[in-house]
Structures are given as C-alpha cells and as structure tokens.
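Peer 1: Protein chains in written order, with the working numbering: chain A, 8 to 317; chain B, 91 to 328. Beta carbons are placed, not taken as given, at the ideal position from N, Cα and C, and that holds for glycine. Below are the structure tokens for one structure; questions will follow.
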C-alpha cells in the first residue's frame with residue numbers, strides 16, 4: 008500500500024514538474040536519467056535475479072527504437088503505440104535470446120548477446136527504409152496538451168515507464184518467480200530438481216527484461232527527432248545497464264534504481280561541465296571501484312553500515 | 091505389488107563411450123535399494139537418466155505406471171522423484187530454510203506460512219533446525235549433505251535418490267545420515283542409495299545391484315553381493 012502511494016506521488020510529481028515553468032534542459036537531461044533507470048531495472052531482472060549477464064542491452068534498446076521508427080514512418084503511429092510495439096518486438100527478441108540459455112551459460116551467454124547486437128546493427132545499417140547508416144530525420148507530431156514542449160511530455164512518459172519497470176521488478180522479486188530465478192542463479196541443476204521449470208522462468212525473465220528495454224528505446228527516436236544505428240546500438244547502453252545495478256546492488260529492486268540515479272546523474276553533469284568523453288570514464292572508474300570495494304553495491308554498503316551501527 | 095520404478099533397457103552414450111548399455115531394474119514401493127559399482131561404472135549416469143538431468147537414448151523409464159523418460163527434470167520432481175547431489179549444490183545465496191522453500195513453492199504449492207512450518211519440521215528431523223537461519227554457504231560438509239536431503243524431502247517425494255550422501259564423512263556422521271535415511275524409509279519413502287561406503291550400503295539396503303562398465307553384473311541381497319566373484323573382480327581387479 009505504502010509502495011503504491013509513493014508510486015502515485017512520484018508520478019504526480021513528474022507531471023507537476025513538467026508543467027512548472029522551469030528550464031527545458033532539466034527535462035532533456037532527466038529523460039536520459041529515467042531511461043537508464045528503466046534499462047538497469049530491466050537488466051537486473053535477468054542479470055541480477057537469474058544471474059544471466061546480458062551484454063546486449065544496446066540491441067534490445069535499439070530494436071525498440073527501430074520498431075517505433077518503422078511504425079511512425081509507415082503508419083504515423085502515435086507515441087503510445089510506438090512504445091507498445093517496441094516492447095513487443097524487443098520482448099520477442101528477448102524470448103529468442105532466452106532460448107540461447109538452453110546451451111549457453113555464464114560468459115558464453117554474455118558473448119552471444121554481444122554477437123546479437125552486432126548482427127542486428129549490421130542489419131539496420133543496411134536497411135534503407137529506416138535510413139541505413141546515415142540515419143533518418145523524423146518530424147515530431149504536435150505536442151499533446153497540457154505540455155508546453157515535446158521533451159516535457161517525453162519526460163512524463165519516461166517517468167511512467169520507470170515506475171512500471173520498477174513495479175514489475177518488485178513483483179518478480181517478491182513472488183515465487185523471484186525465488187525460482189534466485190535458485191537458478193545459485194544452481195540450475197538443483198533448481199530443476201527442486202521442481203523449478205528453469206527454461207520457462209528464464210524465457211519469462213528474458214522476455215520481460217527485453218520488453219522493458221525495448222519500450223525505453225522506443226521513446227528515443229522522438230526524443231532526438233532522429234535515428235542512426237551507431238549511437239542507437241551503442242555499447243554504452245550495454246555497459247551502463249550492467250554497471251548501474253552492480254553499483255547500486257543487484258539483490259533488491261531498489262539497487263538498480265539507486266545505481267542508475269547516481270551514475271546517470273553524474274554522467275549528465277559531467278557531460279555538461281567537462282566533456283562527453285569523460286562520462287564514459289566515469290562508468291569505468293566507478294564500476295572498478297565498486298567491484299573492488301563494495302561488491303554488493305550501495306545496498307551492501309548500507310547493510311554493512313546498519314549492522315555496524317547496531 | 092507393481093513396481094514404483096521400472097528401468098527397461100536404458101542405454102546412454104557419451105560420444106563413443108558407452109556409459110549405460112541396456113540396463114534394466116525394478117524397484118518396489120517402500121524398498122531400500124543399494125546401487126554400487128566402481129568409479130565410472132555408470133551409477134550417476136543411471137540416476138541422472140532417472141531424475142531427468144540426462145535423457146536416455148533408448149529404453150524406457152516408468153515411474154508409478156507412467157513413462158517419464160521424455161519429461162523434464164522438474165516435471166519428474168513434481169511426480170515424486172527427488173534426488174540429492176553427490177557434490178552438494180545448495181542455493182548458496184539463501185538461508186537453509188529458504189533452500190527448502192523452493193521445492194515447497196514449486197512442487198508442493200504451499201502457502202508461505204505452511205511452507206515455513208513444513209520446512210522447519212523437516213529441518214528438525216534432519217537435525218538442522220538450529221541452522222535454519224544460517225546462510226547456506228556457511229555450512230559444514232555434513233550439514234551440506236543433510237541440507238541436500240532436506241531440500242529433496244521438501245519436494246515430498248515418493249522416491250528419494252541419495253547420490254553418495256555420505257562420501258567424505260566421518261564414521262559418526264555416516265551413522266547420523268544413515269539414521270535419517272532409515273527414518274525416511276519408515277515413513278514409506280522408497281530410497282535408492284548410491285554409495286562407495288560398503289558398510290553403509292550393506293547395512294541399509296534390502297537389495298543391491300552392482301554396475302560395472304554400464305552393465306548390471308550382479309543383483310541380490312547385500313550378503314550375496316559381497317561374496318559374488320564378479321563383484322570382487324570389478325572392485326579389486328582380476
């Protein structure tokens with residue numbers, strides 16, 4: 008109950024912010040931060056709970072974005088339809104990647120997901136309809152009332168998506184599904200012999216995780232009013248979506264949220280104050296620092312602090 | 091009485107290596123059955139085929155009148171075949187109690203408080219109750235073996251396969267685990283024991299089968315098995 012009240016309050020807060028007469032740049036940056044909240048939360052459902060490291064977040068993100076572009080160019084579909092379609096197509100991609108877990112585990116699964124990214128990027132580079140390698144300029148439709156600018160509206164949409172993603176992750180974690188996924192992470196053979204339908208659960212986690220990433224990606228073309236393969240399939244998405252839960256803590260749904268808020272905010276600040284190149288360095292340095300100093304992330308640090316202060 | 095488990099002509103190859111060739115055996119409900127054989131004789135392969143970790147290439151496995159050899163491992167667990175692992179595979183990020191909640195949720199479909207009650211009861215019987223809240227990765231060897239059995243029990247099996255649950259334990263600990271298995275059998279659970287510790291198998295089993303190079307070389311009472319020249323040859327060499 009308390010949780011759902013907080014969700015409602017946060018959503019109303021995002022709407023109120025978007026209607027307030029503030030600098031538009033805030034929404035431009037906050038959209039990206041929220042996008043990373045979605046990506047890292049989605050990544051954690053498979054990577055954190057089930058222990059399958061997905062290194063192909065970029066692919067799921069981009070397939071969502073390109074699905075949106077195709078629908079927009081072909082039918083002029085509205086944003087909501089684009090996002091649902093992006094989620095559906097990326098969910099399907101997640102299901103297919105889930106089938107890989109039949110044969111591939113650990114590092115081999117991670118490498119396979121990188122390969123998926125490169126294959127799909129090559130396909131998009133060679134697909135003229137969506138702009139090929141040069142990309143495609145998109146003309147945004149008119150902004151919907153009561154929002155002043157399209158960026159403000161996208162900010163509210165992304166806030167809603169982030170809250171949905173977090174709620175899904177929270178449900179998965181606390182239900183029997185989460186217990187099964189944790190059993191899979193600890194020992195897949197023992198899980199199977201304890202009655203856990205491991206393949207079904209893995210396919211479920213891959214599909215849900217992929218769908219959320221795809222929905223996040225589907226908002227990107229309208230945000231930039233442009234799409235182009237290299238930046239859409241960027242490895243930065245894959246690395247960040249993995250680093251953020253690691254930094255926040257993978258054991259609990261709040262971990263990836265904390266990680267994404269910290270890391271993505273630092274990246275946005277660094278991009279403005281120093282340079283766009285340094286922000287990649289920030290991810291690397293923080294990731295190394297946390298893996299060495301706090302392997303259970305901010306959550307682990309917090310737990311340790313709670314215990315020592317008792 | 092009809093057999094609880096019927097293995098008929100089961101074969102399994104790994105590349106050119108024949109791990110099992112046309113193995114057949116029947117196990118009656120409530121039986122204490124011992125499976126012995128030298129290293130590499132196919133004991134673990136056989137029970138992997140029965141529990142579903144591996145698929146047999148030919149032959150059939152019938153459990154309680156139902157052909158199960160094409161079912162996934164989790165489906166066989168739900169039908170009543172549970173096993174422990176030779177090398178313990180605890181869910182190490184969970185507590186001992188939570189380990190048992192996995193089969194409770196997925197096999198017995200219990201509500202949370204019922205599952206916890208059942209788990210505590212099993213842990214008491216296993217002598218693990220005081221460790222219920224401990225993290226599974228902090229257990230000693232003998233506790234890990236007991237956890238393996240306890241987790242298998244939480245799936246409410248009719249057939250329990252104990253894969254070398256006593257290997258590497260001290261004499262007193264072997265007796266402890268043996269006593270647990272006897273107690274489970276008293277409750278009507280059929281048990282297949284795979285073991286290298288002869289003394290334990292001989293004391294426990296009503297009937298013993300000896301495998302060598304993927305074939306059954308001998309079957310009989312524990313006493314007759316030790317006397318059998320083929321068994322002596324398989325273990326000691328000619």
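Hey, does residue 112(A) have any beta-carbon neighbour from chain B nearer than 8 Å?
Peer 2: The sequence position of residue 112(A) within the first chain is 105, counting from 1. It does not; no Cβ of chain B falls within 8 Å.
Peer 1: Residues of chain A with CB under 8 Å from residue 325(B), in chain order?
Peer 2: Here residue 325(B) is taken as the residue at index 235 of the second chain, counted from 1. Residues of chain A passing the Cβ test: none, with the nearest at roughly 29 Å.
Peer 1: Is residue 152(A) helix, strand or coil by DSSP?
Peer 2: As a first step, residue 152(A) is located in the first chain; it is residue number 145 there, counting from the start. It is coil, neither helix nor strand.
Peer 1: Spell out whether any CB of chain A is found under 8 Å from the CB atom of residue 193(B).
Peer 2: On the second chain, residue 193(B) is found 103 positions in, with the first residue counted as 1. At least one chain A Cβ lies under 8 Å of residue 193(B).
Peer 1: Judging by CA-CA distance, which residue of 188(B), 133(B) and 115(B) is the nearest neighbour of residue 193(A)?
Peer 2: Reading the first chain from its first residue, position 186 is the one you call residue 193(A). Checked all of 188(B), 133(B) and 115(B); the closest Cα to residue 193(A) is 188(B).
Peer 1: Listing by chain order, which chain A residues have their CB less than 8 Å from the CB of residue 167(B)?
Peer 2: As a first step, residue 167(B) is located in the second chain; it is residue number 77 there, counting from the start. Near residue 167(B) (Cβ distances below 8 Å), the residues of chain A are 199, 200, 201 and 202.
Peer 1: Using 8 Å as the limit for Cβ to Cβ distance, is residue 145(B) near chain A?
Peer 2: Mapped onto the second chain, residue 145(B) falls at position 55. Chain A contact via Cβ: absent.
Peer 1: Taking CB distances under 8 Å as the criterion, tell me whether residue 140(B) reaches chain A.
Peer 2: If you number the second chain from 1, residue 140(B) lands on position 50. No, because no Cβ of chain A sits closer than 8 Å to the Cβ of residue 140(B).
Peer 1: Pick helix, strand or coil for residue 245(A), following the three-state DSSP scheme.
Peer 2: Looking up residue 245(A) in the first chain gives position 238. Note: residue 245(A) maps to helix in three-state DSSP.
Peer 1: Whole angstroms are fine: how far does the CA of residue 186(A) sit from the CA of residue 103(B)?
Peer 2: In the second chain, counting from the first residue as 1, residue 103(B) sits at position 13. In the first chain, counting from the first residue as 1, residue 186(A) sits at position 179. So the two alpha carbons sit approximately 35 Å from each other.
Peer 1: How do the stretch 226 to 239 of chain A and the stretch 149 to 167 of chain A stand: do at least 3 beta-carbon pairs fall below 8 Å, yes or no?
Peer 2: The way I'd put it, the stretch 226 to 239 of chain A does touch the stretch 149 to 167 of chain A; three or more beta-carbon pairs between them come closer than 8 Å.
Peer 1: Could you tell me the boundaries of the alpha helix (DSSP H) in which residue 203(B) lies?
Peer 2: Looking up residue 203(B) in the second chain gives position 113. Element bounds for residue 203(B): 202 to 216.
Peer 1: First and last residue of the alpha helix (DSSP H) that includes residue 161(A)?
Peer 2: Your numbering for residue 161(A) matches position 154 in the first chain. From DSSP, the alpha helix (DSSP H) with residue 161(A) extends over 157 to 181.
Peer 1: Under 8 Å, Cβ to Cβ, is there at least one residue of chain B near residue 315(A)?
Peer 2: Counted from its first residue, the first chain places residue 315(A) at position 308. No, no contact with chain B.
Peer 1: Between the C-alpha atoms of residue 92(B) and residue 278(B), what's the straight-line distance to the nearest angstrom?
Peer 2: Locating residue 92(B) in the second chain gives position 2, counting from the first residue. Locating residue 278(B) in the second chain gives position 188, counting from the first residue. Roughly 15 Å between the two C-alpha positions.
Peer 1: Can you check whether the C-beta of residue 128(A) is within less than 8 Å of a C-beta belonging to chain B?
Peer 2: Mapped onto the first chain, residue 128(A) falls at position 121. So no, residue 128(A) is outside the interface.
Peer 1: Please classify residue 61(A): is it buried, with 16 or more other beta-carbons within 10 angstroms of its beta-carbon, or exposed?
Peer 2: Taking the first residue of the first chain as position 1, residue 61(A) is located at position 54. With 16 or more Cβ atoms within 10 Å of its Cβ, residue 61(A) is classed as buried.
Peer 1: Count the other CB atoms, across all protein chains shown, that sit within 10 Å of the CB of residue 32(A); report buried if there are 16 or more and exposed otherwise.
Peer 2: The residue you call residue 32(A) lines up with position 25 of the first chain. It is exposed - the Cβ of residue 32(A) has fewer than 16 other Cβ atoms within 10 Å.
Peer 1: Buried or exposed: which applies to residue 275(A), given that a residue is buried once 16 or more other Cβ atoms fall within 10 Å of its Cβ?
Peer 2: As a position in the first chain, residue 275(A) is number 268, starting the count at 1. Label assigned to residue 275(A): buried.
Peer 1: In chain order, what residues of the same chain have a beta carbon less than 7 Å from the beta carbon of residue 255(B), not counting five sequence neighbours either side?
Peer 2: Your numbering for residue 255(B) matches position 165 in the second chain. Hits under 7 Å: 174, 235, 238, 239 and 267.
Peer 1: In chain order, which beta strand (DSSP E) runs of at least 3 residues are fully inside the stretch 135 to 203 of chain B?
Peer 2: 148 to 153 and 171 to 174
Peer 1: Quick one: give me the first and last residue of the alpha helix (DSSP H) that residue 101(A) is part of.
Peer 2: Taking the first residue of the first chain as 1, we reach residue 101(A) at position 94. Note, residue 101(A): alpha helix (DSSP H), 86 to 107.
Peer 1: With three or more C-beta pairs closer than 8 Å as the rule, is the stretch 131 to 139 of chain B touching the stretch 276 to 291 of chain B?
Peer 2: The stretch 276 to 291 of chain B, when compared against the stretch 131 to 139 of chain B, does touch it at the 8 Å Cβ threshold.
Peer 1: Could you tell me whether the Cβ atoms of residue 131(A) and residue 225(A) are closer together than 8 Å?
Peer 2: The count along the first chain starts at 1 and reaches residue 131(A) at position 124. The count along the first chain starts at 1 and reaches residue 225(A) at position 218. Not a contact, by the Cβ cut-off of 8 Å.
Peer 1: Flag this pair as yes or no: are the beta carbons of residue 298(B) and residue 315(B) separated by less than 8 Å?
Peer 2: If you number the second chain from 1, residue 298(B) lands on position 208. If you number the second chain from 1, residue 315(B) lands on position 225. Yes; because the gap between Cβ atoms is below 8 Å, this pair is in contact.
Peer 1: Please list, in chain order, all residues of the same chain as residue 42(A) whose beta carbon is under 7 Å from its beta carbon, the five residues on each side excluded.
Peer 2: To locate residue 42(A), count along the first chain from 1; it is residue 35. Contacts found: 165 and 223.
Peer 1: Name, going along the chain, the residues of the stretch 257 to 284 of chain A whose beta-carbon falls closer than 9 Å to a beta-carbon of chain D.
Peer 2: Among the chains of the structure shown, chain D does not appear; the protein chains present are A and B.
Peer 1: Less than 8 Å separating the beta-carbons of residue 216(A) and residue 50(A)?
Peer 2: The residue labelled residue 216(A) in the question sits at position 209 within the first chain. The residue labelled residue 50(A) in the question sits at position 43 within the first chain. Yes. Within cutoff.
Peer 1: My understanding is that residue 270(A) touches residue 296(A), with C-beta atoms under 8 Å, so please give their C-beta distance in whole angstroms.
Peer 2: By one-based count along the first chain, residue 270(A) stands at place 263. By one-based count along the first chain, residue 296(A) stands at place 289. 12 Å between Cβ atoms; not a contact.
Peer 1: Give the DSSP bridge partners of residue 302(B), in chain order.
Peer 2: Here the question's residue 302(B) lines up with position 212 in the second chain. According to DSSP, which records beta bridges pairwise, residue 302(B) is partnered with 305(B).
Peer 1: Quick one, which residues of the stretch 171 to 190 of chain B are near chain A if we go by CB-CB under 8 Å, in chain order?
Peer 2: 172, 173, 175, 179, 180, 181, 182, 183, 184 and 188
Peer 1: Are the beta-carbon atoms of residue 213(B) and residue 250(B) separated by less than 8 Å?
Peer 2: Here residue 213(B) is taken as the residue at index 123 of the second chain, counted from 1. Here residue 250(B) is taken as the residue at index 160 of the second chain, counted from 1. No Cβ-Cβ contact shorter than 8 Å links residue 213(B) with residue 250(B).
Peer 1: Should residue 153(A) and residue 26(A) be called a contact, given that it needs their Cβ atoms to be closer than 8 Å?
Peer 2: Start at 1 with the first residue of the first chain, and residue 153(A) comes out as number 146. Start at 1 with the first residue of the first chain, and residue 26(A) comes out as number 19. Contact: yes.
Peer 1: Suppose you measure from the CA of residue 204(B) to the CA of residue 182(A); what does that come to, to the nearest Å?
Peer 2: Translated into the one-based positions of the second chain, residue 204(B) becomes position 114. Translated into the one-based positions of the first chain, residue 182(A) becomes position 175. Near 16 Å, if we compare the C-alpha coordinates of residue 182(A) and residue 204(B).
Peer 1: What in chain A is Cβ-close to residue 241(B), meaning under 8 Å?
Peer 2: Sequence index remark: in the second chain, residue 241(B) carries index 151 (1-based). Taking a Cβ-Cβ cut-off of 8 Å, the neighbours of residue 241(B) in chain A comprise 197 and 201, given in sequence order.
Peer 1: Closest by CA to residue 70(A), which one among 128(A), 188(A), 40(A) and 104(A)?
Peer 2: Residue mapping note: residue 70(A) aligns to position 63 of the first chain, counting from 1. Residue 70(A) has its Cα closest to that of 128(A), out of 128(A), 188(A), 40(A) and 104(A).
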